[in-house]
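Residue numbers (this note's numbering), protein chains in the order written: chain A, 3 to 131; chain B, 3 to 131; chain C, 3 to 131; chain D, 3 to 131.
Ideal Cβ placement from N, Cα and C applies to all residues, glycine included.
What follows is a set of notes on a single structure, which appears directly below.
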């Protein structure tokens, strides 16, 4: 499991007094950084080699402004060129949102997917749920 | 079908030179305003009566900064207290992203779902795909 | 004067029930697109030639979610390599925010400012306040 | 001085390969939380008592995605009902952006400014530059 802690931002609240739903995909992207680093250790933006194919978010409970959230990220599936992550938002000991996403290893020069290497697979497997 | 046209914003691009994936849920929320108005015609924030239960976004092609996008919204399913929408992003005659979302009619006072009225059902049915 | 109309987004509200202050710089950037086009007519991202040096925003009145805003942009000063814009947010016939920004014509290859051409000056002068 | 460390988010980059300018006001708002807490210790959203009157940001150098930033906040002036903060973004030992903002103690019920108390002044003075 990969985990980060985030402080919700005032600008992330909405008029209903809770965190706006559109913030969760932003938090999830930030929590994927350790996965980005498996594929691109220095996170050099000119060597980016992942593309997002799909996200899904389930909203379980309203998220508050004034308590930190923990984002937990698990590897659920490793394919030839794609992988599926499961990500969760926890706040005050409650799972308040969760969802899967599919990332594809991608060559931005040729616009084609490419194979996940054995060494990348090995690193990903450490975070299998 | 409900449709709106949006001009991608420079701040919505990312370092890969395209629109960042986290922007699509924001566009989709904006495109749901006509649905919000079916449930709360004046969009009075103190009478809000919908909550988002789930979103899903499939990214089909990279989205450019310098061409407008059209967001198309269809009603896919009307339940007792929830409804499912299908939403699509079109850019330059191509469907570049799509996904479903589930909205629940919700009483923020009692924190409980409530029934979609016949009149609301009637209005929603006009946008069934 | 350059002018655009925008519909405030639900995700742009905050827990105080109005539009969050951090949204105004985003709206102002979007309203600068016609100025970007003077310097880079196709808005080709690989030929970008402006950099932002300074922004200032004065918040005059609270901005509501459920009424469109108009962003007005004026050219205030044209220098050798920089220009100052004045931008205003109007909502329901009231000026609710305003501020200046300074843009510099910039060569991202050499990381140096460069001179605004006569033809660019000519185009900018049409929007002088 | 108040200080927080933030990890730039991928969604905060833009097509020029750096952090978009509109992100700095968001970071600055987040860095003002300790000031919010002086006025509203529990940060209860229904007891909010500050409003933003003005922001100013000077962009000194381009901000990178792959290095943390430190936000430093100083109290510059304490008035009867308003205060001025100076905020700075530091990245890799360089001050990359800075600016002042003016906050007003505000009664959202009556829509009027109100006096900063002696105890609030006392707390603010600890962070005077």
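Ignore the nearest five residues each way along the sequence and tell me which others in residue i's own chain have a CB closer than 7 Å to its CB.
i	result
residue 70/D	7, 8, 9
residue 83/A	106, 107, 115, 116, 117, 118
residue 64/A	20
residue 122/B	40, 41
residue 96/A	63
residue 50/B	42, 110
residue 120/D	none
Would you say residue i reaches chain B, if we count a Cβ-Cβ gap shorter than 9 Å as a contact?
i	result
residue 110/C	no
Any C-beta of chain A sitting closer than 9 Å to the C-beta of residue i?
i	result
residue 38/D	yes
residue 90/B	no
I'd like to know whether the C-beta atoms of residue i and residue j end up nearer to each other than 9 Å.
i	j	result
residue 2/C	residue 40/C	The structure shown does not extend to residue 2/C, since chain C spans only 3 to 131, so no value can be given for it.
residue 118/C	residue 87/C	no
residue 103/C	residue 58/C	yes
residue 55/A	residue 60/B	yes
residue 32/B	residue 11/C	yes
residue 30/B	residue 62/B	no
residue 52/A	residue 35/A	no
residue 24/B	residue 27/A	yes
residue 68/A	residue 46/D	yes
residue 16/B	residue 13/D	yes
Just to confirm my understanding: we take residue i, look at its own chain, exclude 5 residues before and 5 after, and list those with CB closer than 6 Å. What are they?
i	result
residue 149/B	This structure gives no information on residue 149/B, because the portion of chain B shown stretches from 3 to 131.
residue 111/A	none
residue 66/B	none
Hey, does residue i have any beta-carbon neighbour from chain D nearer than 9 Å?
i	result
residue 45/A	yes
residue 53/C	yes
Any beta-carbon of chain C closer than 9 Å to the one on residue i?
i	result
residue 21/D	no
residue 61/A	no
residue 35/B	yes
residue 24/A	yes
If the cut is a Cβ gap below 7 Å, which residues of chain A does residue i touch?
i	result
residue 71/B	The premise fails here: residue 71/B is roughly 16 Å from chain A at the closest Cβ pair, so nothing lies under 7 Å.
Give me the chain B residues within the contact set of residue i, using Cβ-Cβ distance strictly less than 8 Å, ordered along the chain.
i	result
residue 11/C	28, 31, 32
Would you mind telling me which residues of chain C sit closer than 9 Å to residue i, beta carbon to beta carbon, in chain order?
i	result
residue 68/B	44, 45, 46, 47
Residues of chain D with CB under 8 Å from residue i, in chain order?
i	result
residue 16/B	12, 13, 15, 16, 17
Run through chain B and tell me which residues come within less than 9 Å of residue i, C-beta to C-beta.
i	result
residue 56/A	58, 59, 60, 61, 101
Once you ignore the five residues that flank residue i on each side, which residues in its own chain have a CB closer than 8 Å to its CB?
i	result
residue 131/D	3, 76, 77, 78, 88
residue 127/A	77, 80
residue 98/D	61, 62, 63, 64, 65, 71, 91, 92
Review point. Is it true that the segment 84-101 of chain A meets the segment 13-28 of chain B, where meeting means three or more beta-carbon pairs spaced less than 8 Å apart?
Key: No, they do not touch.
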